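Q: Protein chains in written order, with the numbering used here: chain B, 1 to 388; chain W, 1001 to 1388.
Heads up, the beta-carbon is just placed ideally off N, CA and C, and yes, glycines get one too.
Source: prediction; values computed, not measured.
Structure in structure tokens, see below.
There are 2 protein chains.
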Amino acid sequence: MRRVFIAGVGATRVDEHWDKSLRDLMRESSLKAIQDSGLSKKDIEAIYVGNMSSGFLQGQEHLGSLLATWIGVPGVAAAKVEAACASGGAALHQAYLAVRSGVYDCVLVVGVEKMTDAYTGDVTDALVMAEDQEYVAFTGLSFVALNAFVYRYYMKKYGVRQEDIAYFAVHDHKYAVNNPLAQYPRPITLDEVMKSPLVADPIHLLESAPIGDGSAALVLCSEEKLKALGKDVHLEIAGSAVATDVFSLHERADPTTLLATVKAARKAFSMASIEPKDVDVLEVHDAFTVLGVIHLEDMGFAKKGEGWRLLKEGQLEKDGDLPTNTMGGLKARGHPVGATGIYQVYEITLQLRGEAGKNQVPDPEVGVAQNVGGVGGTVAVHVVRRVR
Amino acid sequence: MRRVFIAGVGATRVDEHWDKSLRDLMRESSLKAIQDSGLSKKDIEAIYVGNMSSGFLQGQEHLGSLLATWIGVPGVAAAKVEAACASGGAALHQAYLAVRSGVYDCVLVVGVEKMTDAYTGDVTDALVMAEDQEYVAFTGLSFVALNAFVYRYYMKKYGVRQEDIAYFAVHDHKYAVNNPLAQYPRPITLDEVMKSPLVADPIHLLESAPIGDGSAALVLCSEEKLKALGKDVHLEIAGSAVATDVFSLHERADPTTLLATVKAARKAFSMASIEPKDVDVLEVHDAFTVLGVIHLEDMGFAKKGEGWRLLKEGQLEKDGDLPTNTMGGLKARGHPVGATGIYQVYEITLQLRGEAGKNQVPDPEVGVAQNVGGVGGTVAVHVVRRVR
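Given below as structure tokens:
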């Protein structure tokens, strides 16, 4: 079995990038990642681009080949990988398999989304394509509305107060303040969250991940190749798993649990031979506050209905038992859909390298990133381990 | 190194399927492939969907997870893979890597495109997204027009008569007659081709692959798994490669050569330890007649400017030296974009199994499929070998 390592990382700031195109963003993160790896461009043998909506929002498909040319490596293998909001995590999984297979030694995986473009329609229309167009989306239901159902049902089922869930947004913003790439690097209060306008009852504006543009990239290499190049072998992708769930929310037995998270986490943890207690730093896909809480439960960090306690008890703080979303999470770092899964691993990498600045977690060894597509139709979980 | 085998295949007819949706098509081909493999659905561990334009044409993304549910295997890993018209071949490459990596034993790879839907725009707008939207497509140039440039340039450079190229369409239609899944199973004459309307000068209507809907699927398994299940181990994917070229046609040194074909073919042939002379049955991506001829040259079967001779000399016939597009090719079997790369391997499989009916090539052992994205921005080449 071949081991796969993260050799370099790069990312753009998440923002409304009115002066940069989709290709500018993915080129910027890619070149940063290659530079960070210390490798030469000619070492890159394949490119995976995680992206959801470039056809609809930019009128541009074929991003793998496009990027290969625009970073100056035409000829390499390339493809775009799409799994709705889990496109980044799914692309990373393919990149991992590509190196592990022995066919490639070094590959570039890039997540990118430019949500402020509107080639054929707006971003709300693009996002709901994660759900079933023929049976759900055609009704006019938005992606936020679907999550509002989950939120309402969760509060009723477990008797949890909204304030205890909504605090997830406050947590995220506190950490975004020290993340130079965050879209909203400013603190917010629980009172502000609860008084912000409702987008889809009970979800407030300040409980929702924002719309933004951004790209993040990783260079993955085999152990053999890194050693042959005289590079350090530090950060191993010790677990990589993707799982699906019944596609439409309304057909699931329990909408307060994302079975795809349960499965992907179990598999990734098993590959890495870790248990939840071994996780030193965590990134969860909190597109809406309630999802952050649900993910903590589904990954085995809390019992169902009790995820909010970790938040309340301070366990998710950088010096807590389970430092979570320490660079701002989806709410405050931002959520450029297809890029998010790669931003998460970018941030885990900074933490494991000790380069997270004021948000640094004390000496972490194991980081986990959980990336969700749709309302849990696909989930990718990655475990990164620092090898001494 | 783990070996990867084709365990089962399935496909729908290529047609204007007004009574079937995208999901109906991909479900049909998937269930046929699983049934053909003799495996149980529970043996499928991951799904790859090759598709280009479901977001733009159907308002539906997240096809991997959608299909997992609609064939009754929610839970498995899944993703969509996109590389324009090479989406099928690129998805097959990922499926191959997935099994070869050792992480998965059996995976399903499905190509699908429903080109007759028009959720946000028509199929001409969708297809040109394979080229550069910001620098090329915005001018209004269509995908056919780009290929018309190649055609005109090729005839001028090599002094080849159009009739000698256009005959590729006649060849394809001759074989489609005996393919029950072909979109246009009827013979045409060279005279009809040359007198058909010009779509983009010099490309005639009958030199162009049609617009159609369809889906094809393959089940890939490891040797170990097939043996454990007591199944025959017959058809090995002996070579699998994807390569890119400079993204935009106008920036290439020589638009009459697709460097991505040259690279992908060399790599796939090298993996399989074969040379061009070892190929017993071939599928080339003749979206337009001139491309069929160019591909023969770029893969090493003829010198540049002389591909048409193979056609003229009868070498591409089922009993010739290089039986090519023996089920109708893109022109007459049809070209449902993201499905084409899988249809090609479906047809190679029928040939290697001796199940090609009236189009059967005498006792073939090695089949090759070449699938092109854009005007050669991405090319996938697969070598399938019958193991005795």
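Is the CB of W:VAL1368 under 8 Å away from at least one CB in chain B?
A: Cβ-Cβ to chain B under 8 Å: no for W:VAL1368.
Q: With a CB to CB cut of under 7 Å and the five nearest residues on each side skipped, what residues in its chain are close to W:TYR1096?
A: Answer for W:TYR1096: VAL1004, LEU1220, ILE1237 and SER1240, listed in chain order.
Q: Helix, strand or coil for B:GLU134? Go by DSSP, reduced to three states.
A: Residue state, collapsed to three classes: coil.
Q: Going along chain W, which residues have a C-beta under 8 Å from B:THR378?
A: What B:THR378 touches in chain W: HIS1062, GLY1064, SER1065, ALA1078 and ALA1079.
Q: Please check the pair W:VAL1281 and W:PHE1168, which I expect to be a contact at CB under 8 Å, by giving their CB distance rounded to whole angstroms.
A: At roughly 17 Å, the Cβ-Cβ gap does not stay under 8 Å, so W:VAL1281 and W:PHE1168 are not in contact.
Q: In this structure, how does DSSP classify B:GLU207 when only helix, strand and coil are distinguished?
A: Helix at B:GLU207.
Q: Which residues in chain W have a C-beta closer than 9 Å to the C-beta of B:PRO276? List them in chain order.
A: In chain order: nothing, as chain W lies at least about 21 Å away.
Q: Find out if the Cβ-Cβ distance for the pair B:TYR104, B:GLY59 is shorter than 8 Å.
A: Contact: no.
Q: For W:ASN1178, which of helix, strand or coil comes out of DSSP?
A: Coil at W:ASN1178, not helix or strand.
Q: Taking the C-alpha atoms as reference points, what is the distance between W:MET1052 and W:LEU1249?
A: About 20 Å.
Q: Pick helix, strand or coil for W:ALA1356, following the three-state DSSP scheme.
A: In this structure, W:ALA1356 counts as coil in the three-state DSSP scheme.
Q: Of the residues B:MET155, B:ASP15, B:ARG27 and B:LEU198, which one's Cα is nearest the Cα of B:LYS304?
A: When each option's Cα is compared against that of B:LYS304, the closest is B:MET155.
Q: Would you say W:VAL1242 and W:HIS1335 are within 8 Å of each other, going by their C-beta atoms?
A: Contact flag unset, no.
Q: Using a Cβ-Cβ distance under 8 Å, would W:PRO1074 count as near chain B?
A: Chain B contact via Cβ: present.
Q: According to DSSP, B:ALA309 sits in a beta bridge with which residue or residues?
A: Strictly speaking, residue 309 of chain B in this sequence is Arg, with Ala absent from that position. None, per the DSSP bridge assignment.
Q: Taking DSSP's pairing of strands, which residues face B:LEU198 in a bridge?
A: Answer is B:HIS204, bridged to B:LEU198.
Q: So within the region 1240–1292 of chain W, which uninterrupted alpha helix (DSSP H) runs reach at least 4 residues, ignoring any that extend past its ends?
A: The region 1240–1292 of chain W contains these whole alpha helix (DSSP H) runs: 1259–1271.
Q: Assign B:GLU163 to buried or exposed, taking buried as 16 or more other Cβ atoms, counted over all protein chains shown, within 10 Å of its Cβ.
A: By the 10 Å Cβ count, B:GLU163 comes out exposed.
Q: Taking a contact to mean a Cβ-Cβ separation below 8 Å, would you say B:THR326 touches W:VAL1246 in this structure?
A: Going by C-beta atoms, B:THR326 is not nearer than 8 Å to W:VAL1246.
Q: Identify which residue in B:ILE6, B:HIS382 and B:LYS263 has its Cα closest to the Cα of B:GLY38.
A: Ranking B:ILE6, B:HIS382 and B:LYS263 by Cα distance to B:GLY38 puts B:ILE6 first.
Q: Nearest to W:ASP1172 by alpha carbon, out of W:VAL1368, W:VAL1284 and W:PRO1276?
A: Taking only the C-alpha atoms, the option nearest W:ASP1172 is W:VAL1284.
Q: With a cut-off of 8 Å on the beta carbons, I'd call W:ALA1084 and W:ALA1130 a contact; round off their distance for me.
A: The Cβ separation is near 4 Å, so the contact holds.
Q: Using a Cβ-Cβ cut-off of less than 9 Å, give me the residues of the region 86–102 of chain B that come near chain W, in sequence order.
A: The residues in question are ALA86, SER87, ALA90, ALA91, HIS93, GLN94, TYR96, LEU97, ALA98, VAL99, ARG100, SER101 and GLY102.
Q: Please classify W:GLN1424: is it buried, with 16 or more other beta-carbons within 10 angstroms of its beta-carbon, or exposed?
A: Lying outside 1001 to 1388, the shown extent of chain W, residue 1424 of chain W is not represented and no answer is given.
Q: Can you list the residues of chain B that W:THR1257 reaches, using a CB-CB cut of under 7 Å?
A: Going along chain B, no residue has its Cβ under 7 Å from W:THR1257, so there is no contact; the nearest lies around 13 Å.
Q: So what's B:TYR104 in DSSP terms, helix, strand or just coil?
A: Here B:TYR104 sits in coil by DSSP.
Q: Helix, strand or coil: how does DSSP classify W:SER1142 here?
A: Three-state result, W:SER1142: coil.
Q: Which bits of chain B does W:MET1026 rub up against, with CB to CB less than 9 Å?
A: Those do not exist, as W:MET1026 stays about 13 Å from chain B at its closest Cβ, beyond 9 Å.
Q: Which of the three DSSP states is assigned to B:GLU61 in this structure?
A: Of the three classes helix, strand and coil, the one that applies to B:GLU61 here is coil, per DSSP.
Q: If you measure beta-carbon to beta-carbon, which residues of the region 130–163 of chain B are closer than 9 Å to chain W?
A: So the list reads ALA130, GLU131, ASP132, GLN133, GLU134, ALA137 and PHE138, given in the order they occur along the chain.
Q: Which residues in chain B have a C-beta closer than 8 Å to the C-beta of W:PHE999? List them in chain order.
A: Residue 999 of chain W cannot be examined here, being either before or after the span of chain W that is shown, 1001 to 1388.
Q: Beta strand (DSSP E) containing B:GLU420: first to last residue?
A: Residue 420 of chain B cannot be examined here, being either before or after the span of chain B that is shown, 1 to 388.
Q: Buried or exposed: W:ASP1319, going by 16 or more other Cβ atoms within 10 Å of its Cβ?
A: It is exposed - the Cβ of W:ASP1319 has fewer than 16 other Cβ atoms within 10 Å.
Q: So W:GLU1207 and W:ALA1166 are in contact, right, with Cβ under 8 Å, and what is the actual spacing, rounded?
A: W:GLU1207 to W:ALA1166, Cβ: 5 Å. Contact.
Q: Using Cβ-Cβ distances below 9 Å, what residues of the region 1309–1325 of chain W are close to chain B?
A: Listed by position, the residues of the region 1309–1325 of chain W near chain B (Cβ gap below 9 Å) amount to none.
Q: So within the region 77–130 of chain B, which uninterrupted beta strand (DSSP E) runs reach at least 3 residues, ignoring any that extend past its ends?
A: The qualifying runs are 77–82 and 106–114.
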